[in-house]
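If you read the sequences in order, they're chains A and B. Heads up: the first sequence runs through residues 22 to 150, numbered per the numbering used here. Heads up: the second sequence runs through residues 12 to 150, numbered per the numbering used here. Positions of the beta carbon are idealized from the N, C-alpha and C atoms, including for glycine.
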Amino acid sequence: MTLSRKVGLRDGLRYKGGGPMLAWILHRISGVGMVLFIGLHVAASFFTQQTGSNLGINLNIVYESIYFQVAIYFFVLFHGLNGMRVIILDLWPRMIEYQRELTWLTWLIFIPVYGLTVFIMVYLKITGA
Amino acid sequence: MKTRKIPHPGWNLEYLMFLFTRISGLAFFMLAIVGLLSALYMGARLHMNVGTLMRWTFFPNPNHVVDSDIPNIDAWSNGLWQIFQILILFFGGTHGLNGLRVVLEDYIKPQGLQMLIRFVIFILWIFMLMLSVYVVMGS
Numbered sequence: 022m023t024l025s026r027k028v029g030l031r032d033g034l035r036y037k038g039g040g041p042m043l044a045w046i047l048h049r050i051s052g053v054g055m056v057l058f059i060g061l062h063v064a065a066s067f068f069t070q071q072t073g074s075n076l077g078i079n080l081n082i083v084y085e086s087i088y089f090q091v092a093i094y095f096f097v098l099f100h101g102l103n104g105m106r107v108i109i110l111d112l113w114p115r116m117i118e119y120q121r122e123l124t125w126l127t128w129l130i131f132i133p134v135y136g137l138t139v140f141i142m143v144y145l146k147i148t149g150a
Numbered sequence: 012m013k014t015r016k017i018p019h020p021g022w023n024l025e026y027l028m029f030l031f032t033r034i035s036g037l038a039f040f041m042l043a044i045v046g047l048l049s050a051l052y053m054g055a056r057l058h059m060n061v062g063t064l065m066r067w068t069f070f071p072n073p074n075h076v077v078d079s080d081i082p083n084i085d086a087w088s089n090g091l092w093q094i095f096q097i098l099i100l101f102f103g104g105t106h107g108l109n110g111l112r113v114v115l116e117d118y119i120k121p122q123g124l125q126m127l128i129r130f131v132i133f134i135l136w137i138f139m140l141m142l143s144v145y146v147v148m149g150s
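1) Evaluate contact between the segment 102 to 119 of chain B and the segment 133 to 144 of chain B, counting only Cβ atoms and requiring at least three cross-stretch pairs below 8 Å.
2) Could you work out which residue in G123(B), D78(B), Y52(B), L48(B) is closest to T68(B) when comparing CA atoms only?
3) Where are the alpha helix (DSSP H) runs, 4 residues long or more, that stay fully inside the segment 29 to 72 of chain B, in chain order?
4) Return the CA-CA distance between M22(A) and L110(A), expressed in angstroms with no decimal places.
5) Output yes if chain A places a C-beta closer than 8 Å to the C-beta of L48(B); else output no.
6) Return no unless some Cβ of chain B is closer than 8 Å to the Cβ of V143(A).
7) Please list the terminal residues of the continuous alpha helix (DSSP H) segment that includes P133(A).
8) Show which residues of chain A have a CB atom less than 9 Å away from the CB atom of R2(B).
9) From the beta carbon of M139(B), is the nearest beta carbon of chain A less than 8 Å away?
10) Determine contact between the segment 100 to 115 of chain A and the segment 29 to 45 of chain B, defined as no fewer than three beta-carbon pairs at a distance below 8 Å.
11) Give me the residue from P121(B), R112(B), D85(B), F102(B) with the minimum Cα distance to L24(B).
12) Are the CB atoms of V53(A) and V131(B) within a distance shorter than 8 Å?
13) Just checking: is the beta-carbon of Y26(B) within a distance shorter than 8 Å of some beta-carbon in chain A?
14) What are the residues in the segment 52 to 80 of chain B lying within 8 Å of chain A by C-beta distance?
15) Would you please state the rounded distance, in angstroms, between the beta carbons of I146(B) and V63(A)? I believe it to be under 8 Å.
16) Using the C-alpha atoms, what's the distance from K37(A) back to F95(B)?
17) In its own chain, which residues sit with a C-beta less than 6 Å from the C-beta of L100(B), not counting the 5 before and 5 after it?
18) Mind checking whether M59(B) and I84(B) have CB atoms under 8 Å apart?
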């Protein structure tokens, strides 16, 4: 019995993993996104601080724009909350039985916190306060 | 017949990084909560908006609170916060780059390429840590 891992994109998209699979894929995307964006931000801060170059300043202007901030906040908050779920499942393996409920709980905490913060950020941006 | 290679249980790299990922994940929560509560204690309620407070919570760097109207920046830029920043950067850099290694090795299978990825990420890790300690010490 060989273990074939040659799964095409269409089969991958058709796979019905449900909520936990969505959480897994978002955890991956948000993790890689954070490494890229925050790594870029640290590098840009280094260039600004040590050389005062326009490259660093312009990169940080892009990074501090509302679009990036909303995305980064999604990445950080979702990765943190979902990571907490993973840690709980690893520390108490019996909780695996309730992993669908835990995934729903993650979203139940995530949606109000993220929604409220994004509302405040966009509101302050639009009104210019 | 080609079978999947399963790592032996024990103190190998995968197990160590598994433990490190969980422990550093909990450490981020602790550092963020301490940073948030300290900011509120130091008068963040009166002097800054929620976005600035969140920026400080993620990373307690004095440059993250320059666009607030706090009267004195000294309490926000001392050695304690530098230790906090270096801890967050060490945990964050290691957690993040190890995660990148795990994701890449999931999709890129050839043995030689995996060694190359490990080497490049190791160099990136050292370089990133030096760069970020420089930023923390200079800001």
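According to the data block:
1) Yes, the segment 102 to 119 of chain B is in contact with the segment 133 to 144 of chain B.
2) Within the second sequence, the letter at position 57 stands for residue 68(B). Closest option to T68(B), judged by alpha-carbon separation, among G123(B), D78(B), Y52(B), L48(B): L48(B).
3) The qualifying runs are 55 to 58, 61 to 69.
4) Locating residue 22(A) in the first sequence gives position 1, counting from the first residue. Locating residue 110(A) in the first sequence gives position 89, counting from the first residue. A caution first: M22(A) carries a pLDDT of 45, below 50, which makes its placement in the model unreliable, though a value can still be read off. Cα-Cα distance, rounded: 30 Å.
5) Taking the second sequence and counting its residues from 1, the one referred to as residue 48(B) is at position 37. By the rule that beta-carbons nearer than 8 Å mark a contact, L48(B) does not touch chain A.
6) Along the first sequence, one-based indexing puts residue 143(A) at 122. Against chain B, the CB of V143(A) has no partner CB under 8 Å away; the residue lies outside that interface.
7) Stepping through the first sequence from its first residue, residue 133(A) is reached at position 112. For P133(A), the enclosing alpha helix (DSSP H) begins and ends at 120 to 148.
8) Chain B is shown only over 12 to 150; residue 2(B) falls outside these bounds and no answer can be derived.
9) Here residue 139(B) corresponds to residue number 128 of the second sequence, with the count starting at 1. Yes, M139(B) counts as interfacial toward chain A.
10) The segment 100 to 115 of chain A, when compared against the segment 29 to 45 of chain B, does touch it at the 8 Å Cβ threshold.
11) Indexing the second sequence from 1 puts residue 24(B) at position 13. Considering only alpha carbons, the answer is R112(B).
12) Along the second sequence, one-based indexing puts residue 131(B) at 120. Along the first sequence, one-based indexing puts residue 53(A) at 32. No, the pair does not count as a contact, with Cβ atoms beyond the cut-off.
13) By 1-based counting over the second sequence, the position of residue 26(B) is 15. Not one chain A Cβ lies under 8 Å of Y26(B).
14) Within the segment 52 to 80 of chain B, contact with chain A at the beta-carbon level (separation under 8 Å) is assigned to N60, V61, G62, M65, F69, N74.
15) Reading the second sequence from its first residue, position 135 is the one you call residue 146(B). Reading the first sequence from its first residue, position 42 is the one you call residue 63(A). The sequence shown places Val at residue 146(B), not Ile. A Cβ-Cβ separation of about 6 Å places V146(B) in contact with V63(A) under the 8 Å criterion.
16) Translated into positions along the second sequence, residue 95(B) becomes position 84. Translated into positions along the first sequence, residue 37(A) becomes position 16. A direct Cα-to-Cα measurement between F95(B) and K37(A) gives close to 42 Å.
17) Position 89 of the second sequence, counted from the first residue, corresponds to residue 100(B). Around L100(B): S143.
18) Mapped onto the second sequence, residue 59(B) falls at position 48. Mapped onto the second sequence, residue 84(B) falls at position 73. No, these two residues do not count as a Cβ contact at 8 Å.
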